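Colleague: Sharing a structure with you now.
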Ligand code: GLU
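Numbering (this note's numbering), first residue to last: 724 to 1195.
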């Protein structure tokens, strides 16, 4: 069953590839080179748990190496298989190419339910997995750089970085072997929330183009828009937080493992996140209406549906019942190829995963650059910028004889730190990716939808680099 799911996911990504390749008339030989993974490794390794050996299975797939290192998260999940990892690795290549992150695509998975292990067991398992991956060149600062994904986070990345550094103590760039580390261990500020922030920045850009919003029957901005989210993990939680707290959107539904919580007047994100942390579910939250059949809530009426959980959640079975006019893919592969055809036929707009969730890898790129340059962004110019701002305020006040109004003076006097720079770089990345995607759709009559457009932009860039390297 699980293997069948992975196979269907990979098939779906291949169909998306084929559809886009035709629109940009990708040469057959180049298409062949790009479409499938270049290498996949399956590792089986033992770890002693409570005095007995347990054998774990993990995979890491390398999709395209037109740029190095290759990049992509490592997922810890009870159900994971090679096809799924290959599909996710392919999406990483397209994602990076679309948003100009100069990496190839890769992805890893370990078949484990992390909730069933103690922290020290997880550490032993992660360190052993790192040794196996490093041994085979599937983790390396210059060749293959993992990051967090479902079931992993800063903690696992810190263990991996530490293990790699121990294995290769003379590698000056050892710390760049993974991204998503805690800032105190060579990570970068703003990485944890980067994917959720990226979702926010893409949506803001979408509403900057009223014609695009009109295609989904929407107008205005994010203020007051009713959003249903599936998945309140790192990505879903941060997207919900920023969209509601900063843009005035209403979170009218949150779908989690135990069911869905619905509220027409909007759910407060922080208390709900705390409840989920404490109880492991959304049931018994003092506000909103709980319904057991969470997946059914995907079909509820709202303005924006954000699937931020697993792949294949919107498929041929439920696609025709989806009411939301705009679907924003914060997860990887939440809408299958077949479901997309049904949704597009019904006039829905889908913002595709390879753009929407690219914020994570974009900030990973900044972290990797920081690691290999061995200096924090802003360290050299921070005080200089601050002084320049003060000089401008001083000059204006001197020339006018008046005190500069607070709202203009404050931003000028504020020093630019790493987090400001990361946000600025992320915003620019997401906006540029959106614009490239929409322009591809508007200028090529063969491209009818945004996913095909996003793939087309990515494939053209990848093909060019293969052709320039004379590999095809
Ligand atoms: N796992 C994330 C993704 O699917 C981030 C990958 C990365 O930062 O390398 O995009």
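Ideal placement from N, C-alpha and C gives every residue a C-beta, glycine not left out. Predicted, not measured: the structure shown is a model, and the values here were computed from it.
#1: Quick one: what does DSSP say residue 1065 is sitting in, helix, strand or coil?
#2: Take the Cβ of residue 1190 as the centre, count every other Cβ of all protein chains shown within 10 Å, and call the residue buried at 16 or more, exposed below.
#3: Could you have a look at residue 1077 and say whether DSSP puts it in helix, strand or coil?
#4: Roughly how many angstroms separate the alpha carbons of residue 900 and residue 1091, rounded to a whole number?
#5: My understanding is that residue 1188 touches residue 790, with C-beta atoms under 8 Å, so please give their C-beta distance in whole angstroms.
#6: Beta-carbon within less than 6 Å of residue 726's beta-carbon, same chain only, minus the 5 sequence neighbours each way: which residues are those?
#7: How is residue 685 classed by DSSP in three states: helix, strand or coil?
#8: Taking 8 Å as the cut-off, is the CB of residue 1080 close to at least one heavy atom of ligand 1?
#9: From residue 1148 to residue 1086, what does the alpha carbon distance come to, in whole angstroms?
#10: Would residue 851 pass as a contact of residue 770 if the rule is Cβ separation under 9 Å?
#11: Residue 953: which of 999, 908, 1029 sits nearest, CA to CA?
#12: First and last residue of the beta strand (DSSP E) that includes residue 1049?
#13: Please go through the same chain and pick out, in chain order, the residues whose beta-carbon is closer than 7 Å to the beta-carbon of residue 1010, but skip the five residues on each side of it.
#14: If you draw a straight line from the C-alpha of residue 1016 to the C-alpha of residue 1005, how long is it?
#15: Do residue 1180 and residue 1079 have their C-beta atoms within less than 9 Å of each other?
#16: Using the Cα positions of residue 819 and residue 800, report the straight-line distance between them to the nearest angstrom.
#17: If you compare alpha carbons, which of 1033, 1165, 988, 1044 is closest to residue 810?
#18: In whole angstroms, what is the alpha-carbon distance linking residue 1102 and residue 969?
#19: By the three-class DSSP mapping on this structure, what secondary structure does residue 800 have?
#20: At which residue ranges does the region 864-926 contain complete alpha helix (DSSP H) runs of 4 or more residues, listed in the order of the chain?
#21: Taking residue 798 and residue 831 to be in contact with their CB atoms under 8 Å, please state how far apart those CB atoms are, rounded to whole angstroms.
#22: Compare the C-beta of residue 1104 against all C-beta atoms of chain C and say whether one is closer than 9 Å.
#23: Hey, residue 965 and residue 920 are a contact pair by Cβ (cut 8 Å); roughly how many whole angstroms apart?
#24: Among the residues of its own chain, which have a CB less than 7 Å from the CB of residue 737, if the five just before and after it don't count?
#25: Considering residue 840, what are the terminal residues of the beta strand (DSSP E) in which it resides?
#26: Taking the continuous alpha helix (DSSP H) assigned at residue 1071, which residues delimit it?
#27: In terms of alpha-carbon separation, which member of 1089, 1058, 1062, 1094 lies closest to residue 1077?
#28: Which one or two residues does DSSP pair with residue 794 in a beta bridge?
#29: Look at the Cβ atom of residue 871, then the Cβ atom of residue 903, and state whether they are nearer than 9 Å.
#30: With DSSP run on the structure shown, which of helix, strand or coil describes residue 983?
#31: Per DSSP, which one or two residues make a beta bridge with residue 780?
#32: Measure the C-alpha to C-alpha separation of residue 838 and residue 956 and round it to an integer number of angstroms.
#33: By DSSP, does residue 938 sit in helix, in strand, or in coil?
#34: So residue 983 packs on residue 1020, CB below 8 Å; how close in whole Å?
#35: Entirely within the region 1111-1180 and at least 3 residues each: give me those beta strand (DSSP E) ranges in chain order.
#36: Please confirm whether any heavy atom of ligand 1 lies closer than 8 Å to the CB of residue 995.
Modeller: Straight from the coordinates:
#1: DSSP places residue 1065 in helix when its eight states are reduced to three.
#2: So residue 1190 ends up on the exposed side.
#3: helix
#4: 8 Å
#5: 7 Å
#6: Hits under 6 Å: 804.
#7: Outside the shown range of the chain (724 to 1195) lies residue 685, about which nothing can therefore be said.
#8: yes
#9: Near 8 Å, if we compare the C-alpha coordinates of residue 1086 and residue 1148.
#10: yes
#11: Residue 1029 is the option with its Cα nearest to residue 953.
#12: 1049-1051
#13: Around residue 1010: 986, 990.
#14: 12 Å
#15: Going by C-beta atoms, residue 1180 is not nearer than 9 Å to residue 1079.
#16: 24 Å
#17: If we check each option's Cα against that of residue 810, 1033 comes out closest.
#18: 28 Å
#19: strand
#20: 877-890
#21: 7 Å
#22: You won't find chain C in this structure, because it holds only one protein chain.
#23: 6 Å
#24: 758
#25: Membership of residue 840 in any beta strand (DSSP E) is not indicated, and neither H nor E is assigned to it by DSSP.
#26: Premise fails: residue 1071 is in no alpha helix (DSSP H) and is neither H nor E.
#27: Measuring from the Cα of residue 1077, the nearest candidate turns out to be 1058.
#28: 828, 868
#29: A contact, by the Cβ cut-off of 9 Å.
#30: Reduced to three states, the DSSP call for residue 983 is strand.
#31: 767
#32: Near 14 Å, if we compare the C-alpha coordinates of residue 956 and residue 838.
#33: helix
#34: 4 Å
#35: none
#36: Not so, every heavy atom of ligand 1 lies at least 8 Å from the Cβ.
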